[in-house]
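Reading through the structure tokens given below for one structure.
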Amino acid sequence: MEVPNDFYTLVENVCRDLYIQSLKEIPPDVVEAIRRAAGRETKEVAKRIFSHYIKSIELGRDQNMMVCQDTGIPIYWVEIGSKLRLDGARLTEAITRGTERATREHPLRSSIVSPLKRENRQTSTGQRIPIIHYDFAPDSEALDILFMPKGSGSENMSFLKMLVPADGVNGIKRFVLEQVVGAGAKPCPPTIVGVGIGGSSDLCMTLAKKATARPLGSHNPDPQMAALEDELFEAINQTGIGPQGLGGNTTALAVHVESAWTHITCNPVAVNMQCWRAERRRAKVWPDGKVEVGF
Ligand code: SF4
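Counting from 411, one number per residue, gives the positions in the sequence shown under our numbering.
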């Protein structure tokens, strides 16, 4: 189906709203996981930190406030329904304009700068930003947009290693644990630990990032990958790093693994952490103007 002309304006408006709302309303699965972790906590300092997190979540939701000051790097995961006929360049422009408008109209702090001059256009956009990943969904007439404002504290704790096949699964586990322990308080724990396994170096890191956006409680459909998620989750929570690195029973809210097949001589592994606020928001947009918003 050919999308009407005003579809691009609708996408622009939706992207503006996704950015603003994602900073104020934490996904319900994350809120639930934080409440559960708070209830299990035995250390006094960790209990206090969890109570601050819960207060911030409630203030964001009830007072229309940002949960954390960091507006992050705007990242969109866009799935185009196979039955849609649209202009990809106009779609990218619409998403970019929505990002700029969120920044100007709210207004939001623009966290995006050029890499060497550190120039800030005050639009949250710049060369190759926002980051937009495109994918395709069979038999669908909708555009599915998942948005993440990726906070820098956790983004700076991103790691890749090109292991060799001889390192095996044990090498993967060791690498993930070393990065989480080495990161300590920096990614604002408890985190969602995204692990990418396989592919090329760039795909591996993208998989790790995408893994952090999976809803809490979900598992990788491959039983071996799911078992690895459980094993790493147990091990990470035995480190005692705890909320904000001050000690506690919960260092990770979840470990999510995403994988791809790789070269016979490669065994890449990537770690990307999502901080406790784990902000994400999604919208499905149809050519007739219908919009469904969720997480
Ligand atoms: S890492 Fe997350 S919680 Fe910590 S300051 Fe950045 S956005 Fe906020």
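Glycine included, C-beta positions come from ideal geometry on N, C-alpha and C.
**Study point:** S669 versus G627, V441, G561 and E639, residue with shortest Cα-Cα distance
**Key:** Along the sequence shown, read from residue 1 onward, the residue named residue 669 stands at position 259. Among G627, V441, G561 and E639, the Cα nearest to that of S669 is on E639.
Practice item. Report all residues from its chain with a CB closer than 7 Å to the CB of T502; omit the five preceding and five following residues, and keep chain order. Key: In the sequence shown, the residue the question calls residue 502 occupies position 92. Only I542 meet the Cβ criterion.
Practice item. Using 6 Å as the cut-off, classify the Cβ of R386 as near or not near the heavy atoms of the ligand SF4, replying yes or no. Key: Past the edges of the chain, shown from 411 to 705, lies residue 386, and the structure says nothing about it.
Point to revise | Rounded straight-line distance, which links the Cα of Y486 to that of V665 | key: Start at 1 with the first residue of the sequence shown, and residue 665 comes out as number 255. Start at 1 with the first residue of the sequence shown, and residue 486 comes out as number 76. Take the alpha-carbon of V665 and the one of Y486: they are about 21 Å apart.
Exercise for review: Would you decide whether Q532 is buried or exposed? Buried here means 16 or more other CB atoms lie within 10 Å of its CB.
Suggested key: As a first step, residue 532 is located in the sequence shown; it is residue number 122 there, counting from the start. With fewer than 16 Cβ atoms within 10 Å of its Cβ, Q532 is classed as exposed.
Review point. V679 to A593, Cα distance in whole Å?
Key: Position 269 of the sequence shown holds residue 679. Position 183 of the sequence shown holds residue 593. When only Cα atoms are considered, V679 and A593 end up about 16 Å apart.
Exercise for review: Using 6 Å as the cut-off, classify the Cβ of R687 as near or not near the heavy atoms of the ligand SF4, replying yes or no.
Suggested key: Position 277 of the sequence shown, counted from the first residue, corresponds to residue 687. Flag set: Cβ of R687 near the ligand SF4.
Exercise for review: Output the distance between the C-alpha atoms of S466 and V441, rounded to the nearest integer angstrom.
Suggested key: Taking the first residue of the sequence shown as 1, we reach residue 466 at position 56. Taking the first residue of the sequence shown as 1, we reach residue 441 at position 31. Going by the C-alpha atoms only, they are around 11 Å apart.
Check your understanding: If you compare alpha carbons, which of N659, Y429 and C676 is closest to G578?
Key -> Translated into positions along the sequence shown, residue 578 becomes position 168. Distances from the CA of G578 to each of N659, Y429 and C676 were compared; the closest alpha carbon is that of C676.
Review point. Which two residues bound the contiguous beta strand (DSSP E) that contains R528?
Key: Within the sequence shown, numbered from 1, the residue matching residue 528 stands at position 118. That residue, R528, is in no beta strand (DSSP E); it is neither H nor E in DSSP.
Review point. Among G508, Q473 and W686, which residue has its Cα nearest to the Cα of A447?
Key: By one-based count along the sequence shown, residue 447 stands at place 37. Shortest Cα-Cα distance from A447 to any of G508, Q473 and W686 involves W686.
Practice item. Kindly indicate which three-state DSSP category R691 falls into: helix, strand or coil? Key: Position 281 of the sequence shown holds residue 691. Residue state, collapsed to three classes: strand.
Point to revise | Distance between L663 and Y463 (C-alpha atoms, nearest Å) | key: Indexing the sequence shown from 1 puts residue 463 at position 53. Indexing the sequence shown from 1 puts residue 663 at position 253. Distance between the alpha carbons of Y463 and L663: 14 Å.
Check your understanding: Quick one: complete beta strand (DSSP E) runs, 3+ long, within the segment 529-600?
Key -> Listed in chain order, they are 541-547, 553-560 and 568-573.
Point to revise | Closest by C-alpha distance to D480, when choosing among A693, Q684, K694 and D698 | key: Mapped onto the sequence shown, residue 480 falls at position 70. Ranked by Cα distance from D480, the options A693, Q684, K694 and D698 are led by Q684.
Review point. How would you write the range of the beta strand (DSSP E) that G704 sits in, first residue to last?
Key: Taking the sequence shown and counting its residues from 1, the one referred to as residue 704 is at position 294. For G704, the enclosing beta strand (DSSP E) stretches over residues V701 to G704.
Review point. DSSP state of P484, grouped into three classes?
Key: Counting from one through the sequence shown, the residue named residue 484 turns up at place 74. Strand, per DSSP.
Review point. Can the beta-carbon of K619 be found closer than 7 Å to that of N682?
Key: Counted from its first residue, the sequence shown places residue 619 at position 209. Counted from its first residue, the sequence shown places residue 682 at position 272. Taking 7 Å as the cut-off, the Cβ atoms of K619 and N682 count as close.
Point to revise | Bridge partner(s) assigned by DSSP for P678 | key: Indexing the sequence shown from 1 puts residue 678 at position 268. DSSP links P678 through a beta bridge to M572.
Review point. Is V605 helix, strand or coil by DSSP?
Key: Position 195 of the sequence shown, counting from 1, holds the residue named residue 605. The three-state reading of DSSP puts V605 in strand, counting E and B together.
Check your understanding: Contact check, L428 vs I555 under 8 Å by CB: the rounded distance?
Key -> Within the sequence shown, numbered from 1, the residue matching residue 428 stands at position 18. Within the sequence shown, numbered from 1, the residue matching residue 555 stands at position 145. Confirmed, Cβ separation roughly 7 Å.
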